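Residue numbers (my numbering), protein chains in the order written: chain A, 12 to 252; chain B, 767 to 1001; chain C, 404 to 703.
The C-beta atom is built at its ideal place from N, Cα and C for all residues, glycine as well.
Predicted model only: the values in this text are computed from it and were never measured.
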């Protein structure tokens, strides 16, 4: 069953075309690797899908419902969870309260505060942050912030996860953990679009690879067909002239 | 003597070391391409060279004179101009005003009119749009204007950070022609960016950067032919 | 509980028989503490108001007008607070689209606009000379303490107002609203991506802050017996809470404590030394706070 469909998504900043008519559809439980060099439009696409940016043209459907232009909070409540490449949690709030925000405002359940706090503990256990639960988020290391970012993205029990470079900036050990995270998320049946700088991080989980180049989708298919293909080379090395 | 020499350069941002001992040089009249994957340190290198980032260790010399640790305006006054990624034009000002602001340094001011003529000859499209506001130009024209503004300082060394970012193919073609023309006039250029194949074809000398180190150097053609380049750049 | 103990101690202070002047000073200090606490309800959600005088004046004029039309003081105070709360909600609706400096300017403009209305709508407001003859609040038979009349009565009324504002603030900070406001302050965008809809919480914060400020304005009208546009809609009632609450930090009691200290230092230390310069502490506090602001207000 189709979870997400994007048709003709276009976004421009000033004179620059960030996205020039992007079309794709995603089935439930698919894990998609979204590749493309800096400035190819990956984050802009995430901004559109999470409601932070209204596309100049095009439409987004989530489970058959047209959600183009809905504000982020409505998309979050409809099951879109997102992380940022550079995590900016609620710095002065404790790690626990950070996740509590996500648990409280996205979902109709759990209803009581005790239930919500249990849900927070569950999420903190998943990402391995229980020992920092009482500390202000501003005091977290980069690796811990990335874990918190993931807990936030998961806090609304999302149907679709948009993950932006979970592994970037991490040590090799941290990167291995991210690889294991992806495997767990996949095992839970989540639908995921993941941006990673290195495809190796996603090699075990990706069903499908999308490649953006200057705002256009230039390749879409199983990893074996897309990796090292001419469009991918052009995206990362420029055209042949 | 090389125009630009970088020796054992280490630099980064708070807590994160990006450059881990980079050495490279650009001789007079050369086009030097610095390529590498995201996060390799290309922009950081150019920022350090232009004085926007203070290196932690190493040396940067322009025509033999140490410029590391100097402020950006001192470095511009010595003839090194950086055209940053994203252009940073003065959007509400006209093409001509942007260019005149580019000449706002001792070396550029005296010969401003002459420089303007040279720049308009190189970029005829700007000549026809002198009064148009920068923010109303197309992406390609804005990039041309950024390059032209950089030339207004009459630099000895021009550094370009990802000059083709976000530009369409035809615009990149035109831009490459402009760069080739500038290069052929004898200006020394150091450029980074993602359009690796284009940059390497323009380059007389090239460096492949990965995780803050130079892992391969040679002529542009040599790098283009190397398997290591492909392995490093593709995801 | 700590709060209740502090309030109880303050409530019995008049039994020591202090000079009337001190009672007056403390009454006024509690009034400003109420305003600072109300200001903090906005700041807690990352909203900066430069126009709290709008709500203070609405409360004062609301109560004064209702009173002069025959309503009983307890009703008039409720009406004044409600009017200010409604005004707050209206500003909050606009605040949904404004942030930072734009919001600060909008609040400032609101206060100035209302001052202009009060000055010029003479038939209703009495114009520049304001309204006089507002009766004081009668004592309640159920409470042994004297409330409205006399210095002691004014003291207790003012303290009760502060207690109400602190109770409201404590309830907000501890609830979902507090979590929502803290999240909006720390990162509105991140919050919206977690299902947090900013507008209702911003409106709520403005309504509550306006209501608490209006409560103080209504009590002020009854205590003084007169309201004047240039006073109750004046800039001092906008700026003083801002300075005091900023100095006090973001906690429940910090703004109120800072307000009391700052006001008393200004009146007891600076006023005798240099009457013309007795507002200097506010200037110093503002400068100090501006210099250390980011670090200071970050502490929860």
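- Specify whether the segment 189-198 of chain A and the segment 20-31 of chain A touch according to this definition: at least 3 beta carbon pairs, one from each stretch, less than 8 Å apart. They do not touch, by the three-pair rule.
- Message: Which of the three DSSP states is assigned to residue 524/C in this structure?
- Response: Residue 524/C falls in the coil class under three-state DSSP.
- Taking all protein chains shown into account, decide if residue 503/C is buried (16 or more other Cβ within 10 angstroms of its Cβ) or exposed. exposed
- Message: With the cut-off set at 8 Å, would you say residue 20/A and residue 56/A are in Cβ contact?
- Response: yes
- Just tell me which of 442/C, 480/C, 581/C has its CA closest to the CA of residue 560/C. 480/C
- Message: Please list the terminal residues of the continuous beta strand (DSSP E) segment that includes residue 21/A.
- Response: Segment 13-24, the beta strand (DSSP E) holding residue 21/A.
- Task: Would you verify that the beta carbon of residue 21/A is, or is not, closer than 8 Å to some beta carbon of chain D?
- Result: Absent here is chain D; the protein component of the structure consists of chains A, B and C.
- Check residue 216/A in the structure and name its three-state DSSP category. coil
- Item | residue 63/A: contacting residues in chain C (beta-carbon distance under 9 Å) | 592, 595, 596
- Message: Suppose contacts are defined by Cβ-Cβ distances below 8 Å. Is residue 173/A in contact with residue 61/A by that definition?
- Response: yes
- Query: When you compare only the Cα positions, how much space is there between residue 213/A and residue 459/C?
  - Reply: 59 Å
- Per DSSP, which one or two residues make a beta bridge with residue 925/B? BP columns for residue 925/B point to 848/B, 956/B.
- Taking only beta-carbon positions, decide if residue 703/C is within less than 8 Å of chain A. Low per-residue confidence applies at residue 703/C: pLDDT is 39, beneath 50, and the placement is therefore not dependable, though the value from the model is reported in the following sentence. So, interface residue.
- Residues of chain B with a CB under 8 Å from the CB of residue 50/A: which are they? What residue 50/A touches in chain B: 928, 931, 932, 960.
- chain A residues whose Cβ lies nearer than 9 Å to that of residue 580/C: Simply none; closest approach about 11 Å.
- Item | Partners in chain C for residue 163/A, counting only beta-carbon separations shorter than 9 Å | Near residue 163/A (Cβ distances below 9 Å), the residues of chain C are 593, 596, 597.
- Item | Proximity to residue 425/C [Cα-Cα], best of 686/C, 663/C, 691/C | 663/C
- Message: Cutting at 7 Å between CB atoms, please list the residues of its own chain near residue 140/A, excluding the five before and the five after it.
- Response: 106, 155, 158, 159, 162
- Message: To test your reading of the DSSP string, which unbroken alpha helix (DSSP H) runs of 4 or more residues are found completely within the segment 34-117 of chain A?
- Response: Contiguous alpha helix (DSSP H) elements confined to the segment 34-117 of chain A occur at 53-60, 83-88, 106-117, taking only those with 4 or more residues.
- Tell me the DSSP bridge mates of residue 966/B? DSSP output for residue 966/B lists no bridge partner at all.
- Task: Could you please give the first and the last residue of the uninterrupted alpha helix (DSSP H) stretch that includes residue 901/B?
- Result: That residue, residue 901/B, is in no alpha helix (DSSP H); it is neither H nor E in DSSP.
- Closest residue to residue 49/A among 168/A, 225/A, 231/A (Cα-Cα distance): Of all alpha-carbon atoms in 168/A, 225/A, 231/A, the one lying nearest the alpha-carbon of residue 49/A is that of 225/A.
- Item | Min CB distance residue 166/A to chain B below 8 Å | no
- Kindly say whether residue 699/C, judged by its beta-carbon, lies nearer than 8 Å to any beta-carbon of chain A. For residue 699/C, the predicted model reports a pLDDT of 44, less than 50, meaning its position is unreliable and no value from the coordinates is stated.
- Task: Apply the 10 Å Cβ neighbour rule to residue 973/B and answer buried if 16 or more other Cβ atoms are within range, or exposed otherwise.
- Result: buried
- Message: Between 995/B, 971/B, 919/B, which has its C-alpha nearest residue 841/B's C-alpha?
- Response: For the options 995/B, 971/B, 919/B, the alpha carbon positioned closest to that of residue 841/B is the one of 919/B.
- Give the residues from the segment 32-57 of chain A that approach chain B closer than 7 Å (Cβ to any Cβ), ordered along the chain. So the close ones are 46, 48, 49, 50.
- Shorter than 8 Å from the beta carbon of residue 404/C to some beta carbon of chain A? no
- Task: Using only the heavy atoms of the ligand FMN, determine whether one of them is closer than 7 Å to the beta carbon of residue 88/A.
- Result: Among the components of this structure there are no ligands whatsoever, and the ligand FMN is therefore not found.
- For residue 981/B, which of helix, strand or coil comes out of DSSP? strand
- Message: If you measure between the beta carbons of residue 239/A and residue 206/A, is that distance less than 8 Å?
- Response: no
- Applying a beta-carbon distance threshold of less than 9 Å, which residues of chain B neighbour residue 239/A? Those within 9 Å of residue 239/A in chain B are 996, 1000.
- Query: Which residues bound the beta strand (DSSP E) around residue 777/B?
  - Reply: 770-779
- Message: Measuring CB atoms only, is the segment 785-803 of chain B touching the segment 948-966 of chain B, in the sense that at least three cross pairs come out at less than 8 Å?
- Response: yes
- Message: Considering only their Cβ atoms, is the gap separating residue 915/B from residue 865/B smaller than 8 Å?
- Response: yes
- Where the beta strand (DSSP E) through residue 788/B begins and ends: 782-792
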